[in-house]
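Each protein sequence line maps, in turn, to chains A and B. Be aware that the first sequence starts at 3, since it is given in the working numbering, and climbs by one per residue. Be aware that the second sequence starts at 3, since it is given in the working numbering, and climbs by one per residue. Using N, Cα and C, we set each Cβ at its ideal position, and we do this for glycine too. Reviewing the structure listed below.
2 protein chains.
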Amino acid sequence: MNTTHLHAFILAGGRGERFWPLSTYARPKQFTTLFGGTPLIAQAVARLQGLVPEANIAVITSADLVPATREALPNLPPENIVGEPIGRDTTAAVALACGLTRRRDPKGVAMILPADPLIGNVPAFRRVLADAADAVSREPAIATVGIAPTFPATGYGYIECGAPIDAPGTPLRRVRRFVEKPDLETAKRYLETGAFVWNAGIFLWRADVMEAAFRAHAPAWLPLIKRPDDAPALYPTLPKLSIDYAVMEKSDNLIVARGDFGWDDVGSLPALARQFPADAQGNVAIAPAYALDATGNIVAAEGTPRATALLGVSDLIVIHTAKATLVAAKSAAQNLKALVATLPPDLR
Amino acid sequence: MNTTHLHAFILAGGRGERFWPLSTYARPKQFTTLFGGTPLIAQAVARLQGLVPEANIAVITSADLVPATREALPNLPPENIVGEPIGRDTTAAVALACGLTRRRDPKGVAMILPADPLIGNVPAFRRVLADAADAVSREPAIATVGIAPTFPATGYGYIECGAPIDAPGTPLRRVRRFVEKPDLETAKRYLETGAFVWNAGIFLWRADVMEAAFRAHAPAWLPLIKRPDDAPALYPTLPKLSIDYAVMEKSDNLIVARGDFGWDDVGSLPALARQFPADAQGNVAIAPAYALDATGNIVAAEGTPRATALLGVSDLIVIHTAKATLVAAKSAAQNLKALVATLPPDLR
Numbered sequence: 003m004n005t006t007h008l009h010a011f012i013l014a015g016g017r018g019e020r021f022w023p024l025s026t027y028a029r030p031k032q033f034t035t036l037f038g039g040t041p042l043i044a045q046a047v048a049r050l051q052g053l054v055p056e057a058n059i060a061v062i063t064s065a066d067l068v069p070a071t072r073e074a075l076p077n078l079p080p081e082n083i084v085g086e087p088i089g090r091d092t093t094a095a096v097a098l099a100c101g102l103t104r105r106r107d108p109k110g111v112a113m114i115l116p117a118d119p120l121i122g123n124v125p126a127f128r129r130v131l132a133d134a135a136d137a138v139s140r141e142p143a144i145a146t147v148g149i150a151p152t153f154p155a156t157g158y159g160y161i162e163c164g165a166p167i168d169a170p171g172t173p174l175r176r177v178r179r180f181v182e183k184p185d186l187e188t189a190k191r192y193l194e195t196g197a198f199v200w201n202a203g204i205f206l207w208r209a210d211v212m213e214a215a216f217r218a219h220a221p222a223w224l225p226l227i228k229r230p231d232d233a234p235a236l237y238p239t240l241p242k243l244s245i246d247y248a249v250m251e252k253s254d255n256l257i258v259a260r261g262d263f264g265w266d267d268v269g270s271l272p273a274l275a276r277q278f279p280a281d282a283q284g285n286v287a288i289a290p291a292y293a294l295d296a297t298g299n300i301v302a303a304e305g306t307p308r309a310t311a312l313l314g315v316s317d318l319i320v321i322h323t324a325k326a327t328l329v330a331a332k333s334a335a336q337n338l339k340a341l342v343a344t345l346p347p348d349l350r
Numbered sequence: 003m004n005t006t007h008l009h010a011f012i013l014a015g016g017r018g019e020r021f022w023p024l025s026t027y028a029r030p031k032q033f034t035t036l037f038g039g040t041p042l043i044a045q046a047v048a049r050l051q052g053l054v055p056e057a058n059i060a061v062i063t064s065a066d067l068v069p070a071t072r073e074a075l076p077n078l079p080p081e082n083i084v085g086e087p088i089g090r091d092t093t094a095a096v097a098l099a100c101g102l103t104r105r106r107d108p109k110g111v112a113m114i115l116p117a118d119p120l121i122g123n124v125p126a127f128r129r130v131l132a133d134a135a136d137a138v139s140r141e142p143a144i145a146t147v148g149i150a151p152t153f154p155a156t157g158y159g160y161i162e163c164g165a166p167i168d169a170p171g172t173p174l175r176r177v178r179r180f181v182e183k184p185d186l187e188t189a190k191r192y193l194e195t196g197a198f199v200w201n202a203g204i205f206l207w208r209a210d211v212m213e214a215a216f217r218a219h220a221p222a223w224l225p226l227i228k229r230p231d232d233a234p235a236l237y238p239t240l241p242k243l244s245i246d247y248a249v250m251e252k253s254d255n256l257i258v259a260r261g262d263f264g265w266d267d268v269g270s271l272p273a274l275a276r277q278f279p280a281d282a283q284g285n286v287a288i289a290p291a292y293a294l295d296a297t298g299n300i301v302a303a304e305g306t307p308r309a310t311a312l313l314g315v316s317d318l319i320v321i322h323t324a325k326a327t328l329v330a331a332k333s334a335a336q337n338l339k340a341l342v343a344t345l346p347p348d349l350r
């Protein structure tokens, strides 16, 4: 297909409390350079190269993060960094993206991508996006990219795949249903059937098709689609709702492109261990570290060259930034958000 | 007595590996400002005020630490900071102190004091030293100050007290014997008898009396006593031996002044908890710290204003300096020296 009709909207709305102190309120996860030296948001843009023209790549983020985002993405037109006045979850962001696409290119195909995930195999990622874009440019469907699960994750929603779509060589299937985060037993069952994929929050659609979906299932957002410039006034009137609830779970024209490209959202600090090598004692050092009688620990640092010495400790996460050090038990990482809530504002 | 005949020698020869990273090879424990904001060595000098004239206070330290020690003690005459060419334990240091005292004031009384310990009750400390100095100026004895034990410590040598010395109002006793670091059962027995005190490495003597003791028990050190200026040449010829072994355990003219003045050598990092208040969860924060589901931890920092956040961890020691962070299990602190040995030289 003609890629000049492809438009990408990278959603960077989260505050990443589960990633503190690598992620802070003023400098959320998409700015971390821990993975490969460049901010995640810059990597999210870079991996679209050759697929989506830079002029067609936009970022939807919090209004207060627009300056930092423009700074991190000097190659994008500044007006492509769009600020949301307040967070209203993904439904508002998708409606805004729909409105912006519709105004610029009514027959254009838009893709919605989260800013944070790491992608191990970028060519494979691009191929899946191209296949999905191709499909939604041919038929009035909404496509999602589903991640082939590698373990019975309880932290993601799942998509059950249905009948294959007759496009030889593509991984496209009809969507049977969206399901919410399962418990471990259910997740194991999903994994065994082979029919379920992780919902990674990646969606592709033609503007007119998405507008019709909103008209049918979520009409409250139509004013935002029609007048995206009025976002500052409209956002506060909108409910906070995910696009899965508002539109996807109610739609019957969904297709899913099954992807297997080393996707990892590194959704919590213990997940860092998936992205970096461990030593013989299971310690993962993403910063200078020395250990004696220490096993299964993760040490990371951003913006500081200080060394960390571990003595007789196990299964800890030690993270340094210029302002703070976190020392957490891996097993307590799910409570990180509660700890961050107790911190003074300048540390959060 | 006339205090102009009192001479103090503060021994600052250790490298404090059990206190890393607050203590490093280039900046050992005596320079830490964690306790009260001034270096321990400066506190050791300051607490002699009114007892020993500043002109009579000397520090015996490693030659490489002489400049830093002079900088930390601007009020002392620079020549009173004496460098040892190599470490030869306390026997060489006492012999050197004896030689320096003898040359300057043959009838003078010298006191040997370690640089590191904290003293909670300084007036009481001065009174004990004055009593002991008084005793050794009257009779040809060597005095030691014994610390009234507060728990069955296995990390110190003990002194068994004998008959009281007939000086009303003073805590002086004859010494029955010196005993080495006991096991826990023995230490408990010592504590029960009430007759044992900790050997804190504090000794007082007249120069002529100490010289006689060396002549009787440790003649190899006599050349150093007679020619203290030849220390650079003599030190390498001397064995490495503690004054307890070389002289004290063999002498029969020993008296002990029992002291109860809040002595604490803070001999290891877990001992920090004795010097600072704990919160309701038993966490001791000697630096900005925030905790959730964390108990019994110690957080300290020197030279950095960074915050530490603890999540779901117990009985850890977390120490920050400008160069390094230590995260250690309290129970592993006795292995700190082995960890430090594995560090690159610039971190030790």
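Taking Cβ-Cβ distances shorter than 9 Å, what residues in chain B pair up with residue i?
i, result
"M328(A)", "Looking at the sequence provided, one finds Leu at residue 328(A) rather than Met. Simply T310, A311, L312 and L313."
"S333(A)", "G314"
Which residues of chain B have a Cβ atom closer than 7 Å to the Cβ of residue i, listed in chain order?
i, result
"V268(A)", "Here the premise fails: no neighbours, minimum Cβ distance about 18 Å."
"K325(A)", "R308 and A309"
"H9(A)", "Simply none; closest approach about 41 Å."
If you draw a straight line from the C-alpha of residue i to the C-alpha of residue j, how long is it?
i, j, result
"I204(B)", "N255(B)", "16 Å"
"C100(A)", "R217(A)", "12 Å"
"A334(A)", "G264(A)", "26 Å"
"V47(B)", "K31(B)", "15 Å"
"L102(B)", "E141(B)", "21 Å"
"L328(B)", "R129(B)", "39 Å"
"S139(A)", "L53(A)", "15 Å"
"A60(B)", "L50(B)", "11 Å"
"A293(B)", "D246(B)", "45 Å"
"A303(B)", "D348(A)", "19 Å"
"Y237(A)", "L345(A)", "29 Å"
"K332(B)", "W22(B)", "13 Å"
"F180(B)", "R104(B)", "26 Å"
"P108(B)", "M212(B)", "11 Å"
"F278(A)", "I121(A)", "14 Å"
"P55(B)", "A10(B)", "9 Å"
"G15(B)", "T188(B)", "30 Å"
"P87(B)", "S64(B)", "6 Å"
"T6(B)", "N58(B)", "8 Å"
"E81(A)", "S244(A)", "25 Å"
"P166(B)", "A197(B)", "11 Å"
"P173(A)", "R260(A)", "5 Å"
"R308(A)", "P79(B)", "37 Å"
For residue i, go through chain B and note every residue whose CB falls closer than 8 Å to its CB, in chain order.
i, result
"T344(A)", "Y292 and L294"
"K228(A)", "Simply none; closest approach about 46 Å."
"L274(A)", "Neighbours of L274(A) on chain B: none; closest Cβ ~15 Å, over 8 Å."
"A282(A)", "Under the 8 Å cutoff, chain B gives no residues; its nearest Cβ is about 15 Å from A282(A)."
"A340(A)", "L294"
Under 9 Å Cβ-Cβ, which residues of chain A neighbour residue i?
i, result
"N337(B)", "L294, D295, L313 and G314"
"L318(B)", "V315, L318 and V329"
For residue i, is the beta carbon positioned less than 7 Å from some heavy atom of the ligand NAD?
i, result
"A303(B)", "Ligands are entirely absent from the displayed structure, and the ligand NAD is therefore not among its contents."
How would you list, in chain order, the residues of chain A whose beta-carbon sits under 7 Å from the beta-carbon of residue i?
i, result
"L349(B)", "A309"
Please tell me whether residue i has its Cβ less than 8 Å away from any Cβ of chain D.
i, result
"T103(B)", "Among the protein chains of the structure shown, namely A and B, there is no chain D."
Q. Per the contact definition of three or more C-beta pairs closer than 8 Å, is the stretch 131 to 149 of chain A in contact with the stretch 195 to 210 of chain A?
A. yes
Along the chain, which unbroken stretches of the beta strand (DSSP E) at least 3 residues long are found entirely within the stretch 130 to 156 of chain B?
-> 144 to 149
TODO: Could I get the ranges of all uninterrupted alpha helix (DSSP H) runs contained in the stretch 5 to 50 of chain B, with 4 residues as the minimum, in chain order?
DONE: 42 to 48
*Start-end ranges of the beta strand (DSSP E) lying completely within the stretch 90 to 130 of chain B, minimum 3 residues*: 111 to 116
Does the stretch 278 to 287 of chain A touch the stretch 218 to 236 of chain A, meaning 3 or more C-beta pairs lie closer than 8 Å?
-> no
Original post:
Relative to chain B, which residues along the stretch 213 to 240 of chain A have a C-beta separation below 8 Å, given in chain order?
Top reply: none
- Item | Touch test, the stretch 32 to 45 of chain A against the stretch 61 to 77 of chain A, Cβ-Cβ under 8 Å, three pairs minimum | yes
**Request:** Output, in sequence order along the chain, the residues in the stretch 36 to 59 of chain A whose CB is closer than 9 Å to any CB in chain B.
**Result:** none
>> If we require 4 or more residues per run, which alpha helix (DSSP H) segments fall completely within the stretch 244 to 286 of chain B?
In response: 245 to 248
| Does the pairing of the stretch 334 to 346 of chain A with the stretch 306 to 313 of chain B give three or more beta-carbon distances under 8 Å? | yes
At least three beta-carbon pairs within less than 8 Å, the stretch 23 to 38 of chain B to the stretch 115 to 124 of chain B:
yes
Fill in: Every unbroken alpha helix (DSSP H) within the stretch 166 to 223 of chain B, with a cutoff of 4 residues, ordered by chain
186 to 195 and 209 to 219
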